[in-house]
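Novice: Quick one: this structure, given as C-alpha cells, is what I'll be asking you about.
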Amino acid sequence: MEVKRVNINDLAPGMLIADNVYNSANQLIVPRDVVLTDKAITRMRFHSISSARVYFSDESSDNSSASTPPKDNREASFFEKLRETDEFVAFNKDFEKSIPIFEKKLNAMLKGNSEPDNDTLIGIVDDMFYSCRTGIQLFNLLHCMRNFDDVTFSHSINVSLICGVLATWLNRSKTEVELLMQCGIYHDIGKLMIPKAVLDKPGKLSPEEFALIKTHTTQGYNILKERKLPREVKLAAMMHHERCDGSGYPMRLKGNQIEECAKILAIADVYEAMTSPRIYRKALCPFEVIRLFEIDGLSLFDPVYLLPFMENISQSYVGNMVKLSDDSIGQIIFINKLSYSRPIIKMANGEYVDLSKESGRSIVAIL
Ligand SMILES: [Fe+2]
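Right, dumping it as C-alpha cells:
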C-alpha cells in the first residue's frame, strides 16, 4: 500500500490513517491505523491540523477518483453575494491598505527598539471596526476575505477586530473594547522573531521547530514588556495559547491562572484560524465552526466567554436559508440553547426539523 499526504479538506470518512496525528500541544488527536470518521476529521479541523498521511491501495492510487480532491462546494451564495457589494469592496480595500502599514510599524518597533505607534495601529482597526453596522456583519465581511500571503499581519488585524466584536457582545465599555482590540494587534508580535522558513513550513514540524514556534509567546512578551502598553496587552501575548484544562503553552496554566484578556483573545484567535480561507481549505461555514467549539471547545476555553460568543453568532443567522449536509434546504427558525450549531429548521416542504435530535444532518452553508 502506498502512503500519501492528504490535505484536511480532502480527507474523507473511511480513509486509513498512516501516522499518528498530534495537535500543537503534542497531544494525540487521531492514532495511526485508524479508519477516519466524520468526528475524527472534525477534531483534526478543530486543532488546525492541515493534512495527514493516509494509506492508498495500489489500485486506488492509480484511480483518479481516489486521489482527486473532492469538490468543496460548501461556500454558499450568501457570501458570494456579499463579496459583490460596495460595502465589501470598500472594506477589502481598507484591509489591503492596512497590512503594509502594520508590517512597517511593527517591524520598526522591533528594529529601532522604539515605542509602538499605537495611535496609528489602533486607528486603523478602529476605522474598520466602526465602519461596520453590526458585529456579525464584520464577521461576514472577514469571512469573504481572500487568503493573504502574509498570514501574521492579516491575522493580527482580524483577531483584533474579532476581539472588538466579542467584547461588545460581552457588554464591555468602549475602553475595554479598545483594550481587547489592542491585545489582538500585538498578540503574535513574537512571530516576527521566528524564521519564516519555519513559520510557513508546509507539512509536519520537527519537535525542535515546534518548540521554536511556541517561543513566540515568551518572545512577544519580552518585546512588549518594557514598552508603554497596558499590562493586559503584554500578558495576552504571553498567555493566548494557554488553555483552561492546562493543555496549552508556554506555562500550562489552568482556568483562573489565565488572564481574562488572554482567554477572550484565545477564542478570537482560534475562531479566526478556522474561518479564514487557507491554501488547503476554504473558510468554514460559521455553524461548522460552532459545532467544532461544541465538540472540543468547552474544556479548552472559558464558557463565560465562549457561550455568549457562540450564541451571538448563531442567533444572527435566524431567518437565513441554509443548506444541510444532505443537500436539502431550509430556513433557521429557532436556535437551541443546548446546541447552538443544531437549530430548528423549516424545510422547503413546510416540515420542521430539530437538528439537535438528528445526528446525521448538519448545516454546511448559509444561502
Ligand atoms: Fe499565537
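Residue numbers for the sequence shown follow our numbering, so the first one is -1 and each next one is one higher. A virtual CB, placed ideally from N, CA and C, is assigned to each residue, including glycine.
Closest by CA to Arg241, which one among Leu305, Asp8, Ser22, Glu0?
Specialist: Ser22
Novice: Taking 8 Å as the threshold (beta carbon to beta carbon), is Lys79 in contact with chain B?
Specialist: You won't find chain B in this structure, because it holds only one protein chain.
Novice: Sorted by chain position, which residues of the same chain lie with C-beta nearer than 6 Å to Leu45's C-beta, five sequence neighbours on each side aside?
Specialist: Checking the displayed sequence, the identity of residue 45 turns out to be His instead of Leu. Closer than 6 Å at the Cβ level, and outside the excluded window around His45, lie Asn21, Ile27.
Novice: With a threshold of 7 Å, establish whether the CB of His45 neighbours any heavy atom of ligand 1.
Specialist: no
Novice: Exposed or buried, what is Ser171 when buried is set at 16 or more other beta-carbons lying within 10 Å of its beta-carbon?
Specialist: exposed
Novice: Closest to Leu290 by CA distance: which of Ala234, Val362, Lys202 is it?
Specialist: Val362
Novice: Under 7 Å from any heavy atom of ligand 1, does the C-beta of Asp267 make it?
Specialist: At a threshold of 7 Å, Asp267 counts as near ligand 1, since its beta carbon sits closer than that to one of the ligand's heavy atoms.
Novice: List the endpoints of the continuous alpha helix (DSSP H) containing Glu101.
Specialist: Secondary structure note for Glu101: its alpha helix (DSSP H) is the uninterrupted segment 84 to 109.
Novice: Using the beta-carbon count (16 or more within 10 Å), is Tyr315 buried or exposed?
Specialist: buried
Novice: Report yes if the CB atom of Arg51 is closer than 8 Å to the CB atom of Ala88, and no otherwise.
Specialist: no
Novice: Within 8 Å, do at least three Cβ pairs link the region 120 to 136 to the region 157 to 167?
Specialist: yes
Novice: Does the beta carbon of Asp300 fall short of 7 Å from some heavy atom of ligand 2?
Specialist: This structure simply doesn't include ligand 2; it includes ligand 1 instead.
Novice: Return the chain-ordered list of same chain residues with a C-beta closer than 6 Å to the C-beta of Lys218, the five sequence neighbours on each side being excluded.
Specialist: Looking at the sequence provided, one finds Gly at residue 218 rather than Lys. Ile187, Gly188, Ala235.
Novice: Examine the Cβ distances between the region 308 to 324 and the region 334 to 353 and report whether three or more of them are shorter than 8 Å.
Specialist: Touching, per the Cβ criterion.
Novice: Does the contact criterion of 3 or more C-beta pairs under 8 Å hold for the region 255 to 264 versus the region 295 to 308?
Specialist: yes
Novice: Under the DSSP definition of a beta bridge, which residues are partnered with Ala363?
Specialist: Paired residues: Lys321.
Novice: Can you tell me whether Leu304 is buried or exposed? The criterion is at least 16 other CB atoms within 10 Å of its CB, across all chains shown.
Specialist: buried
Novice: DSSP three-state label for Ile122, please.
Specialist: Assignment of Ile122 by DSSP, reduced to helix, strand and coil, places it in the helix class.
Novice: Could you round the C-beta distance between Glu257 and Leu233 to whole angstroms and report it? I think they count as a contact, below 8 Å.
Specialist: 5 Å
Novice: According to DSSP, what are the bridge partners of Asn334?
Specialist: Ser337
Novice: Would you tell me roughly how many angstroms separate the C-alpha atoms of Glu356 and Phe76, rounded to the nearest one?
Specialist: 25 Å
Novice: To the nearest whole angstrom, what separates the beta carbons of Ser154 and Ile183, a pair I think is in contact under 8 Å?
Specialist: 6 Å
Novice: Return the CA-CA distance between Gly12 and Thr83, expressed in angstroms with no decimal places.
Specialist: 41 Å
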